[in-house]
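Protein sequences appear in the order of chains A and B.
Under my numbering, think of the first position of the first sequence as 1, with each following residue one higher.
Under my numbering, think of the first position of the second sequence as 1001, with each following residue one higher.
Ideal placement from N, C-alpha and C gives every residue a C-beta, glycine not left out.
Structure first, commentary second.
Number of protein chains: 2
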Amino acid sequence: MQIKLDYNNMMTEFVGKHGISQGDIDALKGKISAAARAMENKRNQMAWRDLPYNQDDIVQDILLYVAEILPRIDTLVVLGIGGSALGPIALNQAIHGSFYNFCKKPRIFVIDNIDPTTMNDLFAQLNLETTLFSVVSKSGATSETMAQFMIVKDMLESRLGKERTKQQIVCTTDAQNGNLIKTAKTEGYKTFYIPSGVGGRFSQLCSVGLLPAAFCGIDIKKLLAGAAYMDKICENDQNPAYIFAILHHLALKAGKNISVMMPYSDGLKFMSDWYAQLWAESLGKKYDNNGNEVYVGQTPVKALGATDQHSQVQLYTQGPFDKVICFLTVEEFENDITIPKTFEDMPTLGFLGGNTLARLLNTQQKATEYALQKEGRPNMTITLPKINEHTMGQLFYMLEMATAFAGELLNINAFDQPGVEEGKDATYALFNRPGYEDKKAELETALPKSEKYII
Amino acid sequence: MQIKLDYNNMMTEFVGKHGISQGDIDALKGKISAAARAMENKRNQMAWRDLPYNQDDIVQDILLYVAEILPRIDTLVVLGIGGSALGPIALNQAIHGSFYNFCKKPRIFVIDNIDPTTMNDLFAQLNLETTLFSVVSKSGATSETMAQFMIVKDMLESRLGKERTKQQIVCTTDAQNGNLIKTAKTEGYKTFYIPSGVGGRFSQLCSVGLLPAAFCGIDIKKLLAGAAYMDKICENDQNPAYIFAILHHLALKAGKNISVMMPYSDGLKFMSDWYAQLWAESLGKKYDNNGNEVYVGQTPVKALGATDQHSQVQLYTQGPFDKVICFLTVEEFENDITIPKTFEDMPTLGFLGGNTLARLLNTQQKATEYALQKEGRPNMTITLPKINEHTMGQLFYMLEMATAFAGELLNINAFDQPGVEEGKDATYALFNRPGYEDKKAELETALPKSEKYII
């Protein structure tokens, strides 16, 4: 059951001058070959590409742990941010939909912000004795996650006692370095490891994604098998990941600085969020690999069909020619619903009767695709035959491969994020962290704000 | 309690050449004056601007209805899409946070898509006898909402009988025209009206937004008072709505085709979705008022702080100079949480102890703002002293005014959405709706897709 990429509507034959021509692709041939070679040569440096193959023991460990813990918990709270949150949210939504927490156990809450209102409201929901807190931070220095962890640890120890607290916390972190592994060892918490060389946004197929998935009854072996299946597909020169990257690269060069991901499926809604991190943080870079200032990157935009036909599609069809739209569609929904023939005499509604919601949804996608094509707007469609672990594994892995390949085409490092350091340093300085006195002084001598620009 | 716009970091003094200079604003003076005059002259054509003032009777009707119904329902299901959904979602999240449905009654589910999985999962949650379905469609011809309505009506009538069904449905629609008002009158459903001249994305302050808000215990009089308060502020030439529009207009002219809305508050998370519709659908236009092809529009992007510091901020600080970032911040959170001094000996964590989550969140906003400024990235901040009905009323109204004013600056019609017709027509054709035979023929003769572009 293979996912497919349909890129007809990216091509000039279909969308005219704002599309990509075969000539454009041919002209990029040298770069494409170089990028493909780099993907082979650097495979050893991309530890995330081994995850579909090298985790038998880890999967076993996770499944045993889950089987042991599950009978005594009714809620899993994941404390993590960025890649530690977005993959788990996306996968659980895909497999279980929007109402999982209203009908299934264990409930799962992924808390990826430090809003005090949210934290208070969360705590009010919980029976601490039946809640497992899963703390996820590779470095153990993520301020948001570690602040949450400190609050939770303190609360658990004061309410349940130190011994019992150990059973309510699990840590996913680096095996060697950082404060979280150190604390976990001191306190005796169960731990899972994030392999070295696997960065946050490429971590969905390691323990970061597998542990919460397993708790929710998701078949993580099938997920990994799907990823391996896509990895094999990507051994061909012509593969959907590379094509996705090449087309986006050419579109970006032609001024299309926006990449819209628009699933027509509530289940796939949060794949857009996961993709937004992957594409933005990997490709938004100031320097290329030769140290030149390049300021590249394509801004990901999250949309949802059919919903955003009533919000964004006006802009997509009639606004500037500045975007590529990628639809995600699902061929077969598990339980469909037939629209009754209630208003057969009403022209604007009668045609709906007897059709199903899935047909309406997929027809609207086709119609939107057509409307975009007609207005000369490049778009492509990734189709999942069904949403399941195998197709989701393919989708995660395909988009990771596409991102890495796009990084090679841009000749940038897709795996770092130097641009977030300045904000972190400024936060440390504002909190008077020792060692940040210079930054503090810099902030204090920065231009004071003018009252005339506050209204 | 007034919301404030701080635009220091939009200006060249603060962000250098990618900012806006006083000279840029001065050079636009003629257009600004013309736009301000147009806002006055066209006030009669902007019925949404009367909503803060002319709804005493409607508010009374809503409050009486809610008081009557509330004792016998535990769940409100809103069937609506676009403006009928985004405002209610944004406001309830702002006032009640992410966990409202886990602890309060009536639960509220806003169903703004036609995914059959979601619909099935929703129905599995409901006790139909204690659920009120609120159907919202001005035209009564919105395929998605009306398909939902047909399914729900059929289900209710078969399970509860026709008489009882009447008590479980309320319709918000045009007072005169369309299938929904016709059906509501025939069936005897309670109705509320969407004033003529109030379009979907400007409808949050009429019954569309007020009814669900009142059900959730939100003080709708204070909401409208907040909007009126902002309307008075907007009588000054120098007001935050016009400044917001002017700065975005100048940035757009300078190639910044992306407008990021980034609240640092979970409560304000879905204001970004509401804003995304308002800004995209109002300003994304092919023709100006003189019939010239202009293809204008700025693409709204939804982000959330601190969360997206770990997803989008790398791109925002180091990618292309193609965006304006607008932060939303909250000065005072209702219940704050103090981070305990757990790891005082650890340099990367010790500084957190003794601070509060609200302080951490707001400090991170300041730090991100500083990092962006340092990299020459224009940004502005709207600050709410607190989140409550009055400040939310101000915020909704301010952004509506800003959007209308931005439309005037672009010399386009901010209140239509002609670009969505093509997709609707194609949907009708694909469903063989009578009258769409020509469109069907057009679709059938469109270029067939090529297998070579499917992989």
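Under the 9 Å criterion on CB atoms, K1153 (chain B) is classed as interfacial with respect to chain A. Using a Cβ distance threshold of 9 Å, I1455 (chain B) and L5 (chain A) count as a contacting pair. Here K1439 (chain B) is buried, its C-beta having at least 16 other C-beta atoms within 10 Å. In the structure shown, R107 (chain A) adopts extended strand secondary structure according to DSSP, grouped into three states.
Of all residues in the stretch 111 to 127 of chain A, only D112, N113, I114, D115, P116, T117, T118, M119, N120, D121, L122, A124 and Q125 place a beta-carbon less than 7 Å from a beta-carbon of chain B. Considering only A:M262, A:A446 and A:N289, the residue with the shortest C-alpha distance to Q365 (chain A) is A:M262. Nearest neighbour of L1091 (chain B) by Cα position, chosen from B:W1274, B:F1321 and B:A1358, turns out to be B:W1274. Around the beta carbon of Y242 (chain A), 16 or more other beta carbons sit within 10 angstroms, so the residue counts as buried. By the neighbour-count criterion, in which a residue is buried when 16 or more other Cβ atoms sit within 10 angstroms of its Cβ, L1064 (chain B) is exposed. Residue pairing by DSSP places V324 (chain A) opposite A:S259 in a beta bridge.
Looking at the DSSP output, L5 (chain A) shares a beta bridge with A:I382.
At least one C-beta of chain A is nearer than 9 Å to the C-beta of F1333 (chain B). A direct Cα-Cα distance of roughly 22 Å separates K286 (chain A) from T1307 (chain B). The beta carbon of A1228 (chain B) lies closer than 7 Å to those of P1052 and Y1053 in the same chain, with the five residues before and after it left out.
Taking 3 residues as the minimum length, the stretch 383 to 426 of chain A contains no beta strand (DSSP E) run wholly inside it.
The three-state secondary structure of V1066 (chain B), taken from DSSP, is helix. Contact annotation: M1010 (chain B) and G1023 (chain B) have beta-carbon atoms that are not nearer than 9 Å.
In chain order, L28, A406, L409 and L410 place their CB closer than 8 Å to the CB of H249 (chain A), counting only its own chain and leaving out the 5 sequence neighbours on each side. From the beta-carbon of R433 (chain A), the residues of chain B found nearer than 7 Å are F1351. Each residue's CA atom was taken as its position, placing L399 (chain A) and G305 (chain A) some 20 Å apart.
Per DSSP, K1185 (chain B) is one residue of the alpha helix (DSSP H) stretching across N1179 to E1187. Using a Cβ-Cβ cut-off of 9 Å, P320 (chain A) counts as an interface residue toward chain B, since at least one Cβ of chain B sits closer than that to its own. For L1122 (chain B) against I1111 (chain B), the beta-carbon gap comes to about 6 Å, under 8 Å, which counts as contact. With fewer than 16 other Cβ atoms inside 10 Å of its own Cβ, N41 (chain A) counts as exposed. Cβ-Cβ distances below 6 Å link K1341 (chain B) to G1353 and G1354 in the same chain, with the five nearest sequence neighbours on each side left out; the list follows chain order. I1095 (chain B) and L1357 (chain B) have their C-alpha atoms spaced approximately 19 Å apart.
Contact annotation: in the stretch 270 to 285 of chain A, residues whose CB is within less than 7 Å of a CB in chain B are A276, Q277, A280, E281, G284 and K285.
Cβ-Cβ distances below 8 Å link E1375 (chain B) to T1317 and Q1318 in the same chain, with the five nearest sequence neighbours on each side left out; the list follows chain order. Nearest CB-CB separation between G1082 (chain B) and chain A: below the 9 Å threshold.
Check the Cα spacing between N1179 (chain B) and each of B:V1136, B:G1199, B:G1209 and B:R1164: the tightest is with B:V1136. Per DSSP, P1340 (chain B) has no beta-bridge partner at all. The CB of C1103 (chain B) comes closer than 7 Å to the CB of A124 and Q125 in chain A, given here in chain order. Annotation: A1038 (chain B) to V296 (chain A) spans about 40 Å, alpha carbon to alpha carbon. Apart from sequence neighbours up to five positions away, the residues of its chain that approach D1074 (chain B) with a beta-carbon distance below 8 Å are K1105, P1106, R1107, N1127, T1130 and T1131, ordered along the chain.
With respect to the 9 Å criterion, T1403 (chain B) and L1328 (chain B) are not classified as neighbours on the basis of their beta carbons. For E1293 (chain B), the enclosing beta strand (DSSP E) stretches over residues E1293 to V1296.
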